[in-house]
Amino acid sequence: MNRVSGCELFSRFEMPSLFKQGKIMIGGIFPVFNKEISSTSTFEREPPGVKCAFDLRAFRWTQVMIFAIEEINKESALLPNISLGYRILNSCASPTNTLRAALTLASGPEEIKSTSPCPPAISALIAESGSSQSLAVAGALGPFQVPVVSYFSTCACLSDKAKFPTFFRTIPSDYFQAKALAALVKRFGWQWIGTLQSDNDYGRNGIQAFSEEVKKLGVCIAFVGTILRTYPMDKILDVVEMIKQSTVKVILAFVPEGDFYPLMKEIVKQNITGIQWIASEAWITAPRPSTPEIYQAFGGALGFVVQKMAIPNLKPFLTGISPYTDPGAAFVRDFWEVMVGCRPVLPGERTGTEATNDKCTGNETLLNSQDVFFNVTELRVSYNVYTAAYAIAHALHQLVFCQPAGEKPVRPCLNISEIQPEQVTAHLQKVHFRNQFGDNVFFDENGDPPASYDIINWQLRDGQVQHVTLGHFASAANGDYKLSIQEEEIVWRTGKMVPSSVCSNVCPVGTRKAQIKGKPTCCFDCIPCADGTIANLTAADCTPCPQEYWSSERKDECIPKTIEFLTYREPMGIAITVVSLLGASLSLATMMVFIKYRETPVVKASNSELSCFLLFSLFLCFLCPLTFIGRPTVWTCMLRHTAFGVTFALCISCVLGKTIVVVTAFKATFPGNKVAGKFGPAQQRIIVCSCTLIQIVICILWLKLNPPFPDMVFRHSNKKIVLECNTGSEAAFYAVLGYIGILAIICLVLAFLARKLPDNFNEAKFITFSMLIFCAVWITFIPAYVSSPGKFTVAVETFAILSSAFGLLICIFAPKCYIILIKPEKNTKKHVMTKKNMIS
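Residues 952 to 1791 in this note's numbering are what the sequence shown spells out, letter by letter.
What follows is the structure in C-alpha cells.
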C-alpha cells in the first residue's frame, strides 16, 4: 500500500484511541460513543465533530478485544515470540466517522515515533458494528486488500465477494436471520405482519430478505416503517401513527437499538400495547431498552441472537479497568464517570471550578459492582469480538509459520516485516480451528460463519427484564433448517395465548376468498361458494364436487345427488301402469268377443284372423310401457325399444293387411277383376310376417352393433341424476320409428283411397281415422321427446305408445263391438252388405 501521500492527510484526523505497540498490529473500530445529533456538512470547511453519547456495551467490546489479544500474547502455541498490538478507534456509529477511523488506521499509528513518515499499518481490522459502517470500511479498504472482520454487521449485501473481497464476519448473515424470522412467523401462523426498518443498509436489506422469505409462505407485509436515530420527531410520530392505524398485531423491527430507542420511548408514552414485537439481533438483548418502563409496551418480544458464551477470567479484567492505571487511555475516563458517577482527577490535572461532589476521591473501586456490564456469563456480541481476534491470530500464525497453530513450530517461514494484507486475507479464508469452547471457527466462500441462533423472549422477573432463551435455530449446508421452541414457556404480549395476526379472518365453511382490489392477498372478503362447489375450514377456494355429488345447503360437504327414474310408486308410474293394463285388458276382452262371435257377419266381414292378430299385437303394445317403468338395466333397455318396435311393426302390418283386403274387395266388385281371389289368407299372413320380419332384422342389427344401455344423465338438473336408457345408436332408433311410420303412411294412403266404398259397413273409414290418430301422435312425439327433461322423456314415449294403441283399438274395434254387443240386430249379412244409397 502506498502510504506516502496519504499519511499526512490521515494524521490530521484527531481521533483518540486505545493503543498498544506490537510486532503485528491489529486495528479495531467500535461505536464507543453513539451518534445522537446529526450535522450538515457545507463542504466549505472541515466538517465539525459528531456529538455522541457514551455506550457501555460497545466499550465492553473494546475491552474484550484487548483481553483476547493479551490472552493470545500469553499463549505459547499461538504466535509464539510474536506480540500482537492493537489500536482501537471510535466510530460514533456513523459511516463518516467509521471511514475516518479506517483511513487513520490504514495510515499507521500516530503515537509511534519513527524516522519513516508513515509507520507500519495494521495487518487486519476488527470492524464494525453497523452494516452501513462496515460497508464504508470494506469499500474503502477492499482495494488495498486489508482484511476486515466484523463482529455485528449482518447485512446480506456484505456477502458479495465481488464487491467486498476482504470482508469477513463472526456473526451470521441476515440471509440466515431472515430465514429464521420467516420460520418463526410460519410456526405461529401469522399472516399479516408490520415491519420497521432503519434507514440504512442494515434495515433495508434485512427487511427485503425477510419479505422475500415470507412471501413464499403467503404472508403479507402490511407496512414498512422507516426510522433513524437522527430523524426529527415528526417523522417518528408518523411511524407511530402508522402503527396505530394498522390492524396488525405482530410487528418485526429490523433496527439497531440506537435507531429504535427513540421510537420505543414514544410508543410507551402513547401507551400503544397489544402488539407482539419480533426483534432482530440488533436490539433484542440491548441493555438500554431492557427496562420495566419499555417492557410495558414491548414485553414478550421475541427475537434471534447469536449463541451466548461465558469467557473465563474476563470479569477480573473488566473490574480492573481504572483511569488511574493508564491515565492516557481513551474512553476510560468516560467509562469511569458513567459507572462510578464521578469524574476522576488525574495527577497534574487542573481541577478548575467544578463542584467538589462531582470529583472522585480516588478510593472508588469496581470490584463489588453489580452492574450488568460485569456479567460475563451471557456474552454474545462480545464473544464475536473474541472469536474475531482469535481468527485473525490463527491466520497470522499459519502465514508466519506455514502451519496451523497447535503444531510445534520450528521457526518462522516468513519475516514479519514482509507480511502483506492480501496474504492475511488469503489465510483468513482458510482458517478452520476449534476454540477452547468447542466451537468450530471458519468462514465459508462468502466470508460468513455457520448460522446458529438462540430464540430470546423478554420476560419480567423480580422487577427486571430478563432475556430468556427458549429455543434454537440452526441452518444446514443443504438449505434446510431446524427450529425448536419451548412454546409453553413463552410469555406473549397477550399473556399465555398465542397472538393472532391476520388481515381477514379465515372464511367460514361454505365460503371462499375474494380478493379485495388494491389490497394484499391476505386481505379478502368471504363470499358463498357457487352451487356444486364446497369449501371447508382449510380451503382457500371452493372445490367442485364429483359429478355424482352436489353441494349441501351450507356448501360444506358433497352429498349424493338424487337419483331419478320412473318408478311404479309415483303417481305418473301408477297412472301409466293402470292405463297400460287397462288397454291390455280391453284388447284381450275384444279378442274374446271376436272369438265368441266369429261366425257373425260383422266379424267375418272384418277378417277374423287378421283382427285377432291385430288384437294380440295391440295387447303386446299395451304391455310395452311396463318395460319403461323401474330402474333401467341392460336387459330392460334392450327390451323396451326392441319390443316396442317389433310389436308396433306387427300391429301396423296387420292393419296394412286389413287395408289391402278392403281395397282388393272393392276392386273385386268390378266385372272380370280377379284380384280378390289372388289375395287370400296365405297372402295376408305373408304380408304380416314379411313386414314384421324387416323390423326384427333392424332390431337385431341394432342390438348387435350398438345396443341401448343404461345411462346416467346429468344435464337435466344439477341436483339430480336421471337414470335412463341411452339408445346407443340414434340412427337405429329413428330407423325403427321411421319404418313404423312408413307402414303407417302406406296404410293411411290405402285406407284413404277406399274410404268412400258404398258398403254400409265400411272398415276403410275406421282404418283411416285410426291411422290419422296414429300418425298425429307420433309426429307430435318427436319434438316432445327431444325437449322433455329427465323421466318425462320416458313418460312422453309411453304416452305415445298408449295413445296410438288406444287410437287403433277404439277406431277399428269399437264400432264392431258396438254392433256385436249393443246392436245385435244390425249384425246381419244384409245390413253389412247393403249399400248406403239403397238404404236411403
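No residue lacks a Cβ here, since even glycine has one placed at the ideal position from N, Cα and C.
Could you give the residue range of the beta strand (DSSP E) that holds residue i?
i, result
"tryptophan 1501", "1500-1502"
"leucine 1434", "1432-1436"
From residue i to residue j, what does the alpha carbon distance come to, in whole angstroms?
i, j, result
"proline 1046", "serine 1083", "6 angstroms"
"isoleucine 1166", "proline 1471", "In the sequence as presented, isoleucine is not what sits at residue 1166; that position holds lysine. The alpha-carbon atoms of lysine 1166 and proline 1471 are separated by roughly 11 angstroms."
"valine 1191", "leucine 1214", "8 angstroms"
"cysteine 1493", "arginine 1444", "36 angstroms"
"cysteine 1477", "serine 1455", "9 angstroms"
"proline 1116", "valine 1382", "16 angstroms"
"phenylalanine 1325", "alanine 1340", "20 angstroms"
"serine 1791", "arginine 1549", "Any reading at serine 1791 is ruled out, since the residue's pLDDT is 29, under 50, leaving its predicted position unreliable."
"alanine 1402", "aspartate 1185", "38 angstroms"
"lysine 1112", "aspartate 1482", "58 angstroms"
"phenylalanine 1394", "tryptophan 1234", "25 angstroms"
"alanine 1346", "valine 1375", "6 angstroms"
"arginine 1636", "proline 1511", "54 angstroms"
"threonine 1749", "alanine 1686", "19 angstroms"
"glutamate 1232", "threonine 1181", "21 angstroms"
"tyrosine 1102", "arginine 1038", "16 angstroms"
Does the distance from the CB of residue i to the CB of residue j come in under 8 angstroms?
i, j, result
"phenylalanine 1684", "histidine 1592", "yes"
"proline 1734", "glutamate 1675", "no"
"alanine 1702", "threonine 1643", "no"
"proline 1659", "glycine 1689", "no"
"phenylalanine 1573", "leucine 1517", "no"
"lysine 1259", "leucine 1330", "yes"
"alanine 1746", "tryptophan 1729", "no"
"glycine 973", "leucine 1050", "no"
"cysteine 1473", "tryptophan 1143", "yes"
"tryptophan 1012", "valine 1283", "no"
"serine 1162", "isoleucine 1172", "yes"
"valine 1199", "tyrosine 1404", "no"
"glycine 978", "isoleucine 1122", "no"
"serine 1110", "asparagine 1391", "no"
"phenylalanine 981", "leucine 1379", "no"
"valine 983", "phenylalanine 1010", "yes"
"isoleucine 1202", "threonine 1146", "yes"
"proline 1355", "phenylalanine 1384", "yes"
Within a Cβ cutoff of 7 angstroms, which residues of the same chain sit near residue i, ignoring the five residues on either side of it in sequence?
i, result
"glutamine 1410", "Gln1417, Val1419 and Val1442"
"leucine 1577", "Thr1528 and Ser1531"
"glutamate 1062", "Reliability fails at glutamate 1062, whose pLDDT of 45 lies under 50, so the model's placement of it is uncertain and the value that follows must be treated cautiously. These residues qualify, in order along the chain: Phe970."
"serine 1568", "Thr1598, Leu1601, Cys1602 and Cys1605"
"alanine 1594", "Cys1575 and Thr1578"
"asparagine 1487", "Val1460 and Asp1507"
"isoleucine 1187", "Ile1178, Pro1213, Leu1214 and Glu1217"
"alanine 1160", "Ala1107, Asp1125, Tyr1126 and Ala1129"
"phenylalanine 1139", "Val1449"
"aspartate 1152", "Ser1082, Ser1083, Leu1086, Cys1106 and Cys1108"
Are there 16 or more other CB atoms within 10 angstroms of the CB of residue i, so buried, or fewer, so exposed?
i, result
"glutamate 1515", "buried"
"phenylalanine 1665", "exposed"
"aspartate 1006", "buried"
"cysteine 1698", "buried"
"aspartate 1413", "exposed"
"leucine 1656", "exposed"
"cysteine 1588", "buried"
"cysteine 1650", "buried"
"serine 968", "buried"
Spatial neighbours of residue i within its chain, please: C-beta separation below 6 angstroms, excluding the five flanking residues on both sides.
i, result
"lysine 1780", "Pro1552"
"glutamate 1288", "Arg1294"
"alanine 1087", "Pro1046, Thr1049 and Leu1050"
"phenylalanine 961", "Unreliable placement is indicated for phenylalanine 961, whose pLDDT of 41 sits below 50; the coordinate value is still reported in the next sentence. So the qualifying residues of the chain are Leu1054, Thr1055 and Ser1058."
"isoleucine 1763", "Phe1717 and Ser1721"
What are the boundary residues of the alpha helix (DSSP H) that includes residue i?
i, result
"histidine 1423", "Histidine 1423 -> not in any alpha helix (DSSP H); beta strand (DSSP E) instead, spanning 1415-1426."
"phenylalanine 1720", "1714-1738"
"threonine 1643", "1632-1656"
"glutamine 1410", "First-last for glutamine 1410: 1403-1412, but that is the beta strand (DSSP E), not the alpha helix (DSSP H)."
"isoleucine 1367", "It is not in any alpha helix (DSSP H) - isoleucine 1367 carries neither H nor E in the DSSP assignment."
"cysteine 1477", "Note, cysteine 1477: premise wrong, no alpha helix (DSSP H); beta strand (DSSP E) at 1475-1479."
Whose C-beta lies closer than 8 angstroms to the C-beta of residue i among residues of the same chain, with five residues either side of it excluded?
i, result
"alanine 1261", "Val1327, Thr1328, Glu1329 and Leu1330"
"alanine 1134", "Phe1424, Tyr1432 and Leu1434"
Can you tell me whether residue i sits near the ligand PLP, meaning its C-beta is under 7 angstroms from at least one heavy atom of the ligand?
i, result
"asparagine 1386", "By its list of ligands, the structure shown contains no ligand whatsoever, and the ligand PLP lies outside what it can speak to."
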